[in-house]
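First to last, the sequence lines map onto chains A and B.
The first sequence: position 199 = 254 (the working numbering), numbered continuously.
The second sequence: position 13 = 68 (the working numbering), numbered continuously.
All residues carry an ideal CB built from backbone N, CA and C; glycine is no exception.
Number of protein chains: 2
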Amino acid sequence: MRKPADAATPPASAPAPPAPQRGDSASTRVVRAILRGLYEGAYVPGQRLVEPDLMAQFGVSRSTVRESLKRLEADGVIEVLPYRGAQIRSLSPGEARDALAVVGLLVGLAARQAAERIGEGPDRAAFEDAWAQLQTFQDAPESFDFVRARNRFYQAMTRLSQNRELARIVPSLQVHMIRRSYKVAGPARFSSYQAMTEAILSGDAAAAEEAARVHMHNIAALIDDGAA
Amino acid sequence: MRKPADAATPPASAPAPPAPQRGDSASTRVVRAILRGLYEGAYVPGQRLVEPDLMAQFGVSRSTVRESLKRLEADGVIEVLPYRGAQIRSLSPGEARDALAVVGLLVGLAARQAAERIGEGPDRAAFEDAWAQLQTFQDAPESFDFVRARNRFYQAMTRLSQNRELARIVPSLQVHMIRRSYKVAGPARFSSYQAMTEAILSGDAAAAEEAARVHMHNIAALIDDGAA
DNA sequence: GCTGGCAATATCGTCAGACGATTTCGGTTG
DNA sequence: CAACCGAAATCGTCTGACGATATTGCCAGC
């Protein structure tokens, strides 16, 4: 339908069925479907997302497609250039390291404030739930559902921090971590999460911040090993 | 035209003329006009932004209005609730302090990386220009143009850091600082900027980061004085 | 054969109008 | 006076269209 294709259009086929998701809004469904497609490899960095194609693939109008693209752009998943459309952002190893430096600072702040304010809100139970959920993936292979559980874990932590600015920004950072799957043995990874969680639940702000930074530092080291 | 008004609709009149700005896209003009209106007090926190009103005020279609609202939401200027429209975000003193903690971390990182990478790119001249521009406001009263100059200063610094993640996020933080005008004597404020600039230009990463944190810490102190 | 320029095409930004969904408001009723 | 219910307001989405801009392919000239 379109030109032979652009720089990158490898998978060729539709990324996912019209998404049998819940009764969310149409643009939410499209966003989620694209994120899942991204994780599953249906979209690759640099690939262009053309509005007419997305209309056909998801069976929605251009209004909805454009709304979805705006949201994905706000989350840093795609780049939109005027009159040149949207494309999946690609992260070089150096950019991934830079992004992790940012994530590390903010997650560290979230962890610290969460520990400081652990007693104030009714969100403690939600955080414990998110942690329990995350743990169920300990021995499971990396999957999109694990990524979602991890995001919910960070979201619960951020909510615990009661810092609305963090709540606004952190979601837009988590998404990056969808793409690079950091191949690390389950227990090794989970020890970081566990340290963070325990420090937060016990109200030890300094330990919580430290655990978050160590965690991000470890991931950064993995990136350097994997592609440097 | 609408109901007698909502929780807050004080200024009543249109915030600004259709904006005789440059040849940017329509949604860009609307975004800028709303930001200016926000600074000039035409919009107050909590005020609702109703799409039909904005269509009339700026003479654009609803597509454009919605596009603009999405951008303002991504920048944290407004909040959009499903089926209930957009409203100017209000920041309590506590939330302002939280937001400043976030800004402080990120600007600190930007300053540090800018100092580390000062020699690499061709952006040094742009940063010096932005600093020179900012200095012209040293003895001028606080104005929207000053805010824009300050934003360009931070943007230049962020570009200098060559950290694309920061480049993506920092703009969405600057906007907050439009609203609370921190009443502080010119020279006192500018000494912070000067310290940051000199540290960056001389490549002193630690000093640059420290200067940025001190600057944000000072602002936070002003907030606590002003409304605590 | 290669390069520059121009026309055709693809795609985007914006506009106009419409309809159902959801919330909110105001009046009626018990 | 409080709960209920209908009307209005507003939003989310759809359809179709037009000009603006970028990209592509073709052709002429060197």
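Query                                                                                                                                                                                                        : Result
Check B:Ala250 in the structure and name its three-state DSSP category.                                                                                                                                      : helix
Is the Cβ of B:Gln173 closer than 8 Å to any Cβ of chain A?                                                                                                                                                  : The sequence given here has Ile at residue 173 of chain B, not Gln. Not one chain A Cβ lies under 8 Å of B:Ile173.
Measure the C-alpha to C-alpha separation of A:Asn218 and B:Ala129 and round it to an integer number of angstroms.                                                                                           : 17 Å
Determine the direct distance from the alpha carbon of B:Glu220 to that of B:Ile274, and round the result to whole angstroms.                                                                                : 24 Å
Got a sec: is the Cβ-Cβ distance from A:Leu160 to anything in chain B below 8 Å?                                                                                                                             : yes
Taking A:Glu183 as the query, report the chain B residues whose CB atoms sit under 8 Å from its CB, ordered along the chain.                                                                                 : Simply none; closest approach about 23 Å.
Measuring CB to CB, does B:Asp178 end up less than 8 Å from B:Arg214?                                                                                                                                        : yes
List, in order along the chain, the chain A residues whose C-beta lies closer than 7 Å to that of B:Glu265?                                                                                                  : The premise fails here: B:Glu265 is roughly 15 Å from chain A at the closest Cβ pair, so nothing lies under 7 Å.
If the cut-off is 9 Å on Cβ atoms, which residues from the stretch 210-223 of chain B count as contacting chain A, listed in chain order?                                                                    : Ser216, Gln217, Asn218, Arg219, Glu220, Leu221, Arg223
Quick one: Cα of B:Leu124 to Cα of A:Asp280, how far?                                                                                                                                                        : 42 Å
Give me the residue from A:Leu256, A:Thr252, A:Tyr248, A:Ala260 with the minimum Cα distance to A:His270.                                                                                                    : A:Tyr248
Quick check: the Cα distance between B:Glu171 and B:Met251, rounded to an integer number of angstroms?                                                                                                       : 13 Å
Could you tell me which residues DSSP puts in a beta bridge with A:Gly140?                                                                                                                                   : A:Leu136
Just the C-alpha distance for B:Ala151 and B:Gly101, rounded to the nearest angstrom, thanks.                                                                                                                : 15 Å
Can you confirm whether the stretch 155-175 of chain B touches the stretch 259-267 of chain B when touching is taken to mean that 3 or more C-beta pairs between the two stretches lie within less than 8 Å? : yes
Going by Cα to Cα distance, which pick from B:Phe208, B:Ala180, B:Ala261, B:Gln142 is closest to B:Ile89?                                                                                                    : B:Gln142
Considering only their Cβ atoms, is the gap separating B:Leu161 from B:Ile225 smaller than 8 Å?                                                                                                              : It should be pointed out that residue 225 of chain B corresponds to Val in this sequence rather than to Ile. Cβ distance < 8 Å, so B:Val225 and B:Leu161 count as in contact.
If you follow the alpha helix (DSSP H) that A:Ala88 is part of, which residue opens it and which one closes it?                                                                                              : 81-94
Answer with buried or exposed for B:Asp79, where buried requires no fewer than 16 other C-beta atoms within 10 angstroms of its C-beta.                                                                      : exposed
Give a yes or no on whether the C-beta atoms belonging to B:Leu104 and B:Ile133 are separated by under 8 Å.                                                                                                  : yes
Return the bridge partner residues of B:Arg104 from the DSSP annotation.                                                                                                                                     : One point to set straight first is that residue 104 of chain B is Leu, not Arg, in the sequence displayed. According to DSSP, B:Leu104 bridges with B:Ala141.
Of the residues B:Val158, B:Asp194, B:Leu93, B:Ala222, which one's Cα is nearest the Cα of B:His272?                                                                                                         : B:Val158
Is any beta-carbon of chain A found at less than 8 Å from that of B:Arg84?                                                                                                                                   : no
Kindly indicate which three-state DSSP category A:Phe192 falls into: helix, strand or coil?                                                                                                                  : coil
If you compare alpha carbons, which of B:Val99, B:Gly92, B:Phe192 is closest to B:Ser145?                                                                                                                    : B:Val99
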